[in-house]
Amino acid sequence: MSRHAPLRSARWLAGAALLAAAAPALADDDEIKQLTKPESSARLGFGYLSDDDRRFGQYTGMKDQGGHLLLDLDYLKRDDATGTWTRFFGRNVGLDSRELRGEYEKQGNWRAFIDFSQIPRNEPVIVNTGLTGIGTARQTLNGTALRDVELDTRRDRVGLGFDKQLMPGLDFQARYTTEDKTGARLFGRGTAEFLTDPIDYRSQQLEATLGYGNEKYQLQGGYYGTAFSNKNSVLDVATGADIALPPDSESHQLFLSGGYAFTPTTRGNFKAAYSRATQNDAFFTAPTFPGNTQTNLNGRVDTTLLQAGVTSRPTRELSLLGNVRYEDRDDKTPRVQFLSPSTGRDGFNTPFSRTTTSAKGEAAYLLPSDVRLIGGIDYEKRKRSVLTVRQVSWREENDETTLRLEARRSLSETLNGSVAVLYSDRDGSSYLPANNNAAIDLIDPVHFADRKRSKLRMSMDWTPMEALSLQLLADVSSDRYDTRQLGPDEGKASSIALDANYAVTDAWQLLGWMSFDDNRIDQATQTGANGTLVPAQTWQAHLRNKGQAYGLGARGKPMSKLDVGADVQYGKDSNAYNLIAVLPPAALLPDIDTKRTTLRLFGQYAMQKNLSVRLDVIHDRFKTSDWTWTNWVYADGSTARNPNTSSTFLGISVIYRMW
Amino acid sequence: MKIAMRTWLMAGLVLTGLLIPPGAALAADAPPKATVAQQTDTPPKDAAPKADTAPKADAPKTDMVLKGDAVCTRCHDESEAYPVLSIAKTRHGTVADSRTPTCTSCHGESKRHVENLRKEGEKDRPKPDRTFDGPLRGLASSRAVAYVPPGNVPPEVGKRSTVPVAERNAPCLTCHQGGKRVHWQGSTHETRDVACTSCHQVHVQHDRVRDRLTQSDVCFMCHKEQRAQINRMSRHPILEGKVGCSDCHNPHGTAGVKLLVRDTVVDTCYTCHMEKRGPFIFNHQPVTEDCSICHNPHGSTVSNLLKSRPPFLCQQCHEPTSHRGNIPGLLPGTGTTAGTRGITQARACLNCHTNIHGGNNPLNNSESRSMRR
C-alpha cells in the first residue's frame, strides 16, 4: 500500500486539481457531504441459478434452478444536530435467508431496534420413501408410494432491543429474541423404518442488564432467562412404539460482574452467577412402572458460577495474571424409578451433577529484544456425581494440569511471531466399573481417560517488502491416552497454513492461501458380548482425517470506474479408517474423499457517482465418495442419497448510493 | 466556514495540480477513492513529503468533523496521504454525543508531529504520539451473494505499528471498559498482544468485524484452522453470514472457557439448540458436560458436526458388551452383527439410539433408557 501512496495521492490531487480548475464549485458541499455523511445504499437485481443444488443452497436460500430476487437495503440517516440515527437494513430480502432490521437511536441517550432473520437449512441428502406425515407428529410408514423427499428446516428469529443511558456511567440494556424453528430432519426407528424428526420449536431469550462504570470500577448486573417449547411432545407412528420428543424447559439466571482498577497497572475482575433450569413438561403418557405417579420429571438443575481474576503490569517489562473459577452444576431432579431394574440399570432416572474448579497463573516478561517470554500454568479439577449403576466405566474426579511456555514478538514493523509449547497431564480418581462389574471394565471413556498432551505452535507475520505480507501458522500436537485395556490410545494432529498478500500495483492486489491438516486417532475395542478381554477378538481402527484447502483471490481496478474481483477456492478432505480386523474384503470401509471447488467473480462499474451496476458469477462444485447411504435400504423400502452437485449462479444488479 | 475552507482547499488543489504532469491525473469525474489508510489509520511509510509540509500560518482554524480537529484537518483532509474525514460517518464522529472522542483522545497531543520537531538525525516528520495498525490482511469477502457495503473492505499490506499494544488500547478502554468488555484484561486476546485495531476499523462506516457476513474473514487472519473447517461438508452457516464467530465467542473476554459468550460450552450451544438441554429422564452424560466431546462446532466431514463417524465415536467410551464392540463394515444386513451395514451406514448407532441427547420417555421399557424411544 504505502509504496504507492504518494503516487496515488498525487494522482488524486492532480485529478482533484483539474477538477477544481474545470468546475470550481465541485469541491463544495456535495464533496464534503460525500466524505463525511453516513452513506446509504440499495441494491436491486436478478440472479439465476443454473441447476437445482441443495449443497450450494443449503443455507443461501437459493437451492432451486431459476430466478431469484436480489435485494439489499441499507438506509442510514443521522441528524447531526441531535445525534439521532435512523436505520433500515435489509439483506437478501428476496431470499429465504433474509435479514431485516430497523433501528432508531439518539446517540448517548437511548436506542431501540427490531430485527428479523431467517436461516434456512436444506438437507442435501435426498430421501426416497413412502413415509407420509413428514414434518408432523403423526407419521405413517409407506402411506404412499416411494417418492423423493427433500427435508429442510428454517429458523425465523425476531429480536428486540432497548438501551438507555440513565445518567452518566449508568446504562440499561434489554434484549429479547424469539426464534421459531420448523421443518423436518432425518430420523428413524431402528434400521427398519425411516422417519423424520418433526421440528416445531420456539426458543426465547431475554437479557436485561444494568451497568455502571467510571474510571475506577465497572459493575454490571442483570437477568438472563430462556424458555424452550416444543409443540410436539411425541412422534406418533401409525404402527409400533412412539418416540418421545424434546420436552419444554426454561432457565433463569441472575448475574453480577465487574472490574476494579486497584492501581493504574493492576486490575481485577469477577463474575458471580446463579442459574436455575427446570423441566416439568407433562409426559406424553403416564409412567408404567408400578407406583410411579409422576406426571412430569420435576427436573431442576441449579448452577453456581464464581470467577475472579487479577492482572498486573508492575513494570513495563513484567505482567502477571491470576484467575480462579468455580462452577457447580447441581442436578436436583428427584430420583424416581421408571424402569424395572436389570443388569446395567437400576431403573431410576439419571441426573448428573458436576463441580469444576479451575485456576490459571501466568507471567510475562519483555526482553530488551522486544521478545516477550510467557510462562503459565492451568489447573482444572472436575468432580462428578456417581450413578448407582453405570453404563460405562466411570470416574468421579479428573484433574488436569497444563504448563505453557511461549516466546512472542509483536512490536516489529516487519517481522512478528511466536513459538509456544504446551504440555498437559490429565488423570483422576480410580475407575468405577461399568455395570458394576470390574470384569467388563475395559474402556476408559475418552473424556475421562488419563491423557498426556503435548503441543507445539508457531506463528509468523512477515512483511519482507513493502508490497508483500506473509503469514504462517503451524502446530503439531500429540495425545497419549493411558488406557488400561481398550479404547482410545493415541492421537496426533498437525496443521499448517500459509497466507500471502501482494499489492501488485496501486490498482491490483493478490491474495493466496493454503492450509493442510492431519488428524489421527488410534483406538481399539473388541467383538463379542462376554465383556472379558479376549485378545483374539480385539481389533483396532486407525482413523485419519486429512484436509487440504487452497484459495486464490484478486482485486483490481482496471479503470477508474470499474472494480473487479475473483476468488477460487478448492478443498479436499479425506477420511481413512484403516481397520486392523478380520473382515472379508467386501466388508472393508473405503476411504472417503470429499472435494469442493468454488469460483467467484464480480465486476462493479460506476455509471455515475451514486449509481453502479454489478455482475456476480459463482460456480460451485461438490463431489464426494461418501458411502453413508450407498446401497442402504430400510426395511420399509426407503433409501437416501447424497448427490454430487454442480451449479452456476449469475447475478446482475444495480446499486444506488446516497449521502 | 465552508467558504473559507473551500477557498483554501481550491488553492491547494490547483497548486498541486500544476505540479503534477497531466498524464498522472485520474478521470475528472472519478469519485474519491477510499484509500487504505482511510480505513485503517495506518500511516503510509512514505507519506513524509506531504506530511513534512508545515501547516500554513493562515490555515483555517475551523473544525471539520470532530471537536478540536482543526489542528489535524488543516493537513489531513481526504486528499492527503492520511485521510481522516471518513470518521465523520461513524458513531465516533457523532459530535452531538458529548462522549465522542477528538483526534487527540486517541492519537495524543502529538506536539512533535504537529510542530515537526525532529530529533537530530531524524529524517521524517515525527509520527503522532499514538499510531495504530492497519487491522487486517486479506481481501474483501465475495463469497456470499449478498452485497457488502462500500467501505467494508480490508486494508492492503503495510508495516505494523510499534507502539506497545497496551498503549494503543488505552484510549479505547477509556470508554469501552465495562459491559461485555469487563473481562478484557487477562483474556487470551489481551495477553497475546491483540490490539483493538487488530480487528476493528475505527475510521470507516462499516466495520468489517461487526458484520456477520465478513466477520469471520477477520478472525481467520489468525484462526486459520477454523477457516478450513467451516468449508467442510457439515458446518454452521458461517460462510453465508447467518452465524458469526461472535454468536458463540466474545473476543473481548469472558468468565467462561474459550471466550464463549455464555458461562459454559453447553450453555453457549443451548442459545440455539435449547432442545438438547433437558434435563431428561435418561441423560447422556457427555451432553450435560461438554458438547465438544462429540462435536466440532467449526466443521466436520461427518454429518452433524461429529468429530468421528459412529460407531467409532461411540466406541471411544462404550464397553464392548452386547453389540457395541462390533466391527463396522459393508456386508449386507441391517442388524447389529459385526461387519454389517446396520451398525455402519445411514445414521449408524443413531439408527436405533435416535434420542442420543437424552430421552424423556416415561414408559417402563428398556428402549427408553437406551434413548431409542
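Residue numbers (our numbering), protein chains in the order written: chain A, 702 to 1360; chain B, 5 to 377. No residue lacks a Cβ here, since even glycine has one placed at the ideal position from N, Cα and C.
Taking C-beta separations shorter than 8 Å and ignoring five residues to either side along the sequence, the partners of Gly333/B in its chain run Ala342, Gly343, Thr344, Arg345, Thr348, following chain order. Ser751/A counts as exposed, since fewer than 16 other C-beta atoms from the protein chains shown sit within 10 angstroms of its C-beta. Under the Cβ distance rule, Gln209/B counts among the residues neighbouring chain A, one pair being separated by less than 9 Å. For Gly97/B, the nearest CB of chain A lies under 9 Å from its own CB, placing it at the interface with that chain.
Counting C-beta atoms within 10 angstroms of its own C-beta, Ser312/B has 16 or more neighbours from the protein chains shown and is therefore classed as buried. For Leu1316/A, the nearest beta carbon of chain B is not closer than 9 Å to its own beta carbon. Shown here for Glu916/A: same chain residues with a beta carbon closer than 8 Å to its own, the five before and five after excluded, namely Ala962 in chain order. Put simply, the CB of Leu89/B is near chain A, with a gap under 9 Å to one of its CB atoms. Exclusion of the five residues before and after Glu1018/A leaves Tyr1066, Leu1067 as the residues of its chain whose Cβ lies within less than 7 Å of its Cβ. Per DSSP, Gln219/B lies in no beta strand (DSSP E); the unbroken alpha helix (DSSP H) holding it starts and ends at 216-223. For Gly282/B, the nearest CB of chain A lies under 9 Å from its own CB, placing it at the interface with that chain. Asp1219/A is outside the set of residues whose beta carbon lies under 9 Å from a beta carbon in chain B. Chain A places a beta carbon closer than 9 Å to that of Cys321/B, counting this residue as a contact. Taking C-beta atoms as the reference points, Gly1213/A and Leu1263/A fail to come closer than 9 Å. Taking the C-beta atoms as reference points, His253/B is found no nearer than 9 Å to Leu243/B. Chain A has no Cβ within less than 9 Å of the Cβ of Asn120/B. Closest in alpha carbon position to Val1265/A, among Thr1115/A, Val1314/A, Leu1199/A, Asp775/A, is Val1314/A. Rounded to whole angstroms, the separation of the alpha carbons of Ser1339/A and Leu847/A is 7 Å. Across the structure, Gln840/A and Gln954/A are spaced so that their CA atoms are roughly 38 Å apart.
Along the length of the region 1003-1080 of chain A, whole beta strand (DSSP E) runs at least 3 residues long occupy 1019-1032, 1055-1067, reported in chain order. Excluding residues up to 5 positions away in sequence, Asp67, Thr106, Cys107 lie with their Cβ nearer than 7 Å to the Cβ of Asp73/B in the same chain.
In this structure, Glu880/A places its C-beta atom within 9 Å of the C-beta atom of Asp857/A. For Asp731/A, the enclosing alpha helix (DSSP H) covers residues 730-737. Taking a Cβ-Cβ cut-off of 9 Å, Gly248/B has no neighbours in chain A, whose nearest Cβ is about 11 Å from it. With respect to chain A, the C-beta atom of Gln219/B has no partner C-beta closer than 9 Å. The beta carbon of Asn1117/A is closer than 7 Å to those of Arg1110, Ser1111, Asp1162 in its chain, skipping five residues each way along the sequence. The Cβ of Ser1348/A sits no closer than 9 Å to any Cβ of chain B. Ranked by Cα distance from Glu1101/A, the options Trp1095/A, Asp1079/A, Ala1108/A are led by Asp1079/A. In the structure shown, Asn173/B adopts helical secondary structure according to DSSP, grouped into three states. Per the DSSP secondary-structure output, Asp901/A pairs in a beta bridge with Thr883/A. According to DSSP, residue pairing for Asp1162/A in a beta bridge involves Asn1117/A, Gln1172/A.
The beta carbons of Arg1001/A and Thr979/A sit closer together than 9 Å. Ranked by Cα distance from Asp197/B, the first of Arg1342/A, Leu832/A, Glu1107/A is Glu1107/A.
Between the alpha carbons of Arg1152/A and Asp1128/A lies a gap of roughly 7 Å. Look at Thr77/B here: in three-state DSSP terms it is helix. Straight through space, the alpha carbons of Cys203/B and His769/A are spaced by roughly 34 Å.
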